[in-house]
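Residue 767 is where the sequence shown starts when you use our numbering, and the numbers rise one by one after that.
Think of the CB as a built atom: it goes at the ideal place given N, C-alpha and C, for glycine as much as any other residue.
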Amino acid sequence: MVRVLAFALHAGEALSFGRGIGTEDEPALWKRDDTGTINLWIEIGQPDEKTLRQASGRAKQVIVYTYGARSAEVWWANQRPSLDRLKNLSVTLLPVESIRALAEMTRPAMQLQWTIQDGHIWIADGAQTLHIELQRLKG
Numbered sequence: 767m768v769r770v771l772a773f774a775l776h777a778g779e780a781l782s783f784g785r786g787i788g789t790e791d792e793p794a795l796w797k798r799d800d801t802g803t804i805n806l807w808i809e810i811g812q813p814d815e816k817t818l819r820q821a822s823g824r825a826k827q828v829i830v831y832t833y834g835a836r837s838a839e840v841w842w843a844n845q846r847p848s849l850d851r852l853k854n855l856s857v858t859l860l861p862v863e864s865i866r867a868l869a870e871m872t873r874p875a876m877q878l879q880w881t882i883q884d885g886h887i888w889i890a891d892g893a894q895t896l897h898i899e900l901q902r903l904k905g
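Have a look at this one:
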């Protein structure tokens, strides 16, 4: 569901899902132009420095959406010194409680309505509405 959230935040005709988790040469999501140039590379979770350095060299913009209570904070504290020098990298923390609530909205044939404004996201499924506030760590 975090990949779906990232897709909603960057929706456009050229945005597509990568091959999946654990694929080193492709991100979770990316946006390429007709020439094959990678304009946007989106990673989910807590990628290692090597992956982000390579992505930063291949894409015009790299975005990481990280989550996971304390582990995301520890990951960022450890990675920040080396990642601060990557000028085309943005890192956003997703509150773990919100991600759990989003996962609970998952249903077969679900229909979600998204409202996105100024770092706030409202997701409605007809029965409930979830509010998520993005926390920018870098970028």
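Where does the unbroken beta strand (DSSP E) through Q883 begin, and where does it stop?
879-883
Does DSSP classify Q820 as helix, strand or coil?
helix
Is the stretch 863-879 in contact with the stretch 845-852, if contact means three or more CB pairs nearer than 8 Å?
In short, these stretches do not touch, since the Cβ pair count stays below three.
Just verifying my parser: in three-state terms, what is the DSSP assignment at Q907?
Here the chain has residues from 767 to 905 only, and residue 907 is not among them.
Kindly indicate which three-state DSSP category N805 falls into: helix, strand or coil?
strand
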